[in-house]
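Listed in order, the protein sequences are those of chains A and B. Position in the first sequence (first residue = 1) + 932 = the numbering used here. Position in the second sequence (first residue = 1) + 117 = the numbering used here. Just so you know, even glycine gets a beta-carbon here, dropped at the ideal spot from N, CA and C. Treat the numbers as computed from the prediction; the structure is a model and nothing was measured. What follows is a short report on a single structure.
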Amino acid sequence: MLVWSRPGRIVIWLVFTLLFGVLFLAPLAVILLSSLADQWNGVLPSGLTTEHYSDVVQGAAWKAVKASLVTGFLASAVALVSGTWAALALRIQDATLARVLGVLFFIPSAVPSVSVGLGLLVAFSHPPLLLNGTIAIVMVAHFVLISAFTFGNVSAGLARLSPDFEQVASSLGARPAYRLRHVTLPLLAPYLVAAFGLSFALSMGELGATVMVYPPGWVTLPVSIFSLTDRGDVFAGAALTMVLVAVTLILLLGLERVTGRQARS
Amino acid sequence: MSVPAFTGSNVMDVDAAKIRGAGSNVHFDKVSVAYGAHVVLHPLTLDIAPGEILAMIGPSGSGKTTALRAVAGFVRPASGRIRIGATDVTDLPPYERGLGMVVQNYALFPHMRVEDNVAFGLRAQGADKALIGERVKDSLATVGMSGFAKRYPRELSGGQQQRVAIARALAVRPRVLLLDEPLSALDAQIRRNMVEEIAKLHRDLPGLTILYVTHDQTEALTLADKIAIMRDGRVSSHGPTVELYRLPPNRFTAEFLGRANLLPVTVTEGATGPKGFATARLGDALLAGAARGEKPGDKTLLCIRPQHLSLTGDEEHTNRIVGTLKEVHWQGELTHLVLEVDGTPVRVSATRLPVSLPERGSAVPLFFTPGDTSLVPEDVRG
C-alpha cells in the first residue's frame, strides 16, 4: 500500500472518483441520456423516451450491427492468425532482424486511420488490385489497423512462455506442427483470446479508415453513428452508440469469462 | 494424499522390468559450441557408457548445460560430432534423437492431466492406444505416482511434479535420459530424498544411460558412476566418482568436489612400496600420500579432506601435522575446526571431539592416514 494514512486514502479515492467520473462516466452518461431524451434544451432532458431506439432498430441499425460484427470477427480472426504467425516466426530469427521487423509490424498503429483508408483507396482502385467498392477493402482496412495489436499481444505471451515446454516436447518426439498444436497454442490461449478481444473492440469502434472505403450496403455502426450525427440526428446517433457499446461489451465480457476460466485452469 | 517413494526393488519386478531398455552410449567427438566469437564449449571429447550415469558438474557458465543441450539438439555444435549409440545425431532435430529430458522447472504441460503429460511423447510419436495406456501405467507406477493420474500439475507438490516429469521422460523408453538440474527447484529435505530415489530408480533401470547436469556436488557424488568437472567451457577432470574424490587430479577438482585442505609441500621421495605412497615435507613434518609420479624436489599440494583429519592418533594415522586452533563452529552433527598450519588454513570436520577442547590459539596435533592423502598438482586445467 503506497498511502498508509486514512485521510490520505480518502483523498486518493476522491481524486480517482473525480477523474473516472469526469473522463469516463460523464461522456457515457450524456450519450445514454441523449439516447433516451425526448427534448434536451436545458441542463437535463425535458422528457425521456425509447423512441430513438425504436427508430434505429426499425431503420438500418441491425444491418450496421451485422456489418460491424462480421467485419470485426473476420478482420480480428485474420489478424490473430497472421499476428500469431508473425510472432512465432520472429521468435526464431536473429535478434536484430526480429527487432527491426517487430517495429515494422507496429507501423500501421502509428499511422492515422484516415491515412490508412486513403492509402488503401489509392492502392486498390486500379486493376489488378481492384478492391474499391467491395466489402473486402473494409476488411483489409480493419486488418491493417488491428494486426499490430494482435502481434503485440501474442509476442508478449510468447516472451513469457518458458522455452522449456517446447524443448521438452521436442525431446519427447513431438514434431513442430504437433508441438505447436498441443503445447504452444494451448499455453498461449489466454493471450490469443485477449488479442482477439482487443482487436475486435478496436474494429467495432473504427471510423477513420472505414468512412474512406466503405461501399454502399456495408455501413458499420461507427459510420452509421457518424452519418446520423452529421445529419443532426444526435439522439438517434446516441441510441446507436449505446447499441454499439452494448454489443461490444457483451462480446468482451464473454471473452473475459473464457480467458478467466483458462487462467484458473 | 501421501506420496509413496519411488517403487524401488519391491515394485521393480512388476513395473520397472517392463521399462528397462537397452541404453546407448553417448560420444562427444571434439564438440565445440560458440555464440559468435564467444566459445562456450571448447572441443569436448567424452564417452558415456551404456547404462552409466555421468554427472556434469561445474560452476555457472562452465559449459555443462551447453553440453547437455548439444546432446538434446537445442544447440548446434560449431564443430565436432555427437553420436548416440551407432547414430550420428549431430544434424538430427531434437524430436528424432530418441531422448528423454527432465528440466529444472519440470515443464509439465499445465493444461494436461498427469496421465496426458506422461502419454505426450508416445502420442506425439503415434503409438497405439493400448501401448500408451500400458506405458503410462508402468511409468507412473515406477515413480510412485499411480494415484495421481487424473490430477493437473498445479495440484501436485514440487517433488510430485518432478516424479511426473521423470515418468514422462521414461514413458518414451529413451535411449538416453537427460537431467538438467532436475532437483534445483526443490527444497533441501525433498532434494535429499529425491537424490536417493533417483539412485534407486537407476538401480531398477540399470540399462538407462543418464547425463545428469548439476552444480550440486552431493547429487553428483551420490548418483554418478562417473563425473566430468567443467570449468570455463572445458572438462577440468573426468573419471570414476570415487577416484576423482579420493585422488583429485588438480586443485580445482579437489576444491569443487567436496571440501579439501590443500597444503603446499615439497616431495622428498617418489612413490615407493606396494601402495605407491610418496613422501613430502611440510615444515618439519614428513607426510605420506598417494602419488601421481612426482619426483623428489617437486613442489605440489597435499590434499586431505576435513573429515579425514583426527585430533587423536593411532597406528594407522601415521601422518601428523601441528596447527594453531583459530575457530570452532559447532553444527550439531559435526563440529568444524579451523586451524592454521604453516600459514595455510586447515579445516577439520569432527563427529567426536575430546572431552576438553583445546583453547583457541593453542597448538593442536592433527593425524591422518596416508591412504586418505593424495598429492595434487597445482591448478592444471584439463
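Asked, Found
"Any beta carbon of chain A sitting closer than 8 Å to that of B/Y212?", "yes"
"For A/G979, which residues from the same chain have a beta carbon less than 7 Å from its beta carbon, with the 5 sequence-adjacent residues on both sides left out?", "D970 and Q971"
"Which residues of chain A have a Cβ atom closer than 8 Å to the Cβ of B/V220, listed in chain order?", "D1096, Q1099 and V1100"
"Who pairs with B/N436 in a beta bridge, going by DSSP?", "B/F485"
"Going along chain B, which residues have a C-beta under 7 Å from A/P1118?", "H228"
"Classify B/T335 as buried or exposed, calling it buried when 16 or more other Cβ atoms lie within 10 Å of its own Cβ.", "exposed"
"Starting from B/N234, trace the alpha helix (DSSP H) both ways and give me its first and last residue.", "V231 to A241"
"Within its chain, find whatever has a CB closer than 6 Å to the CB of B/K181; leave out the 5 residues flanking it on each side and keep chain order.", "M173, G175, V330 and M347"
"When the Cα of A/L1052 is compared with those of A/S1131, A/A1141, A/G1186 and A/A1168, which residue comes out closest?", "A/A1141"
"Give the DSSP bridge partners of B/P462, in chain order.", "B/E457"
"Measuring alpha carbon to alpha carbon, tell me which of A/R938, A/L1063 and A/A1126 ends up nearest A/A1011.", "A/A1126"
"Checking the sheet assignment: what are the DSSP bridge partners for B/R198?", "B/D146"
"Just to check my reading of the structure: B/V384 and B/P413 have Cβ atoms closer than 8 Å, yes? What is that Cβ distance to the nearest angstrom?", "6 Å"
"Under 7 Å between beta-carbons, which chain B residues line up against A/G1089? List them in chain order, please.", "Those within 7 Å of A/G1089 in chain B number zero; the least Cβ separation is about 14 Å."
"Would you kindly work out how many angstroms separate the C-alpha atoms of B/D415 and B/P462, rounded to a whole number?", "22 Å"
"I want to see whether chain A comes within less than 8 Å of B/G238, judged by CB atoms only; does it?", "yes"
"Interface residues of chain A around B/F191 at Cβ under 9 Å?", "P1095, Q1099, S1102 and S1103"
"Determine the extent of the beta strand (DSSP E) in which B/K416 is found, giving its start and end residues.", "K416 to I421"
"Is B/A288 near B/L248, with beta carbons less than 8 Å apart?", "no"
"Determine whether the Cβ of B/Q278 lies closer than 8 Å to any Cβ atom of chain A.", "no"
"Once DSSP output is grouped into helix, strand and coil, what is the label at B/E298?", "coil"
"Is the CB-CB distance between A/I1078 and A/S1159 below 8 Å?", "no"
"Could you name each continuous alpha helix (DSSP H) segment of 4 residues or more that falls completely within the stretch 970 to 1030 of chain A, going from the start of the chain to the end?", "983 to 990 and 993 to 1023"
"Excluding sequence positions up to five away, which residues of its chain have a Cβ less than 6 Å from the Cβ of B/L342?", "According to the sequence provided, residue 342 of chain B is Asp. The question's Leu does not apply to it. Correct list, in chain order: E169 and I170."
"Taking the beta carbon of A/Q990 as the centre, do at least 16 other beta carbons fall within 10 Å, making it buried, or is it exposed?", "exposed"
"What residue range is occupied by the uninterrupted alpha helix (DSSP H) comprising A/T949?", "R938 to F952"
"Under 8 Å, do B/G140 and B/V359 count as touching if we go by C-beta distance?", "no"
"Measure how close the beta-carbons of A/L1153 and A/L1176 come, nearest whole angstrom, since I'm counting them as under 8 Å.", "4 Å"
"Could you name the residues of chain B that A/R1189 contacts, counting a contact when the two beta carbons are closer than 7 Å?", "Here the premise fails: no neighbours, minimum Cβ distance about 18 Å."
"Assuming B/P357 is part of the beta strand (DSSP E), what are its boundary residues?", "R351 to P357"
"Which residue marks the beginning of the alpha helix (DSSP H) containing B/R308, and which one marks its end?", "A305 to D321"
"Are any of the Cβ atoms in chain B nearer than 8 Å to that of A/Y1110?", "yes"
"Kindly indicate if chain A contains any beta-carbon less than 8 Å away from that of B/L287.", "no"
"On the DSSP letters alone, give me the boundaries of the alpha helix (DSSP H) that B/A184 sits inside.", "K181 to A189"
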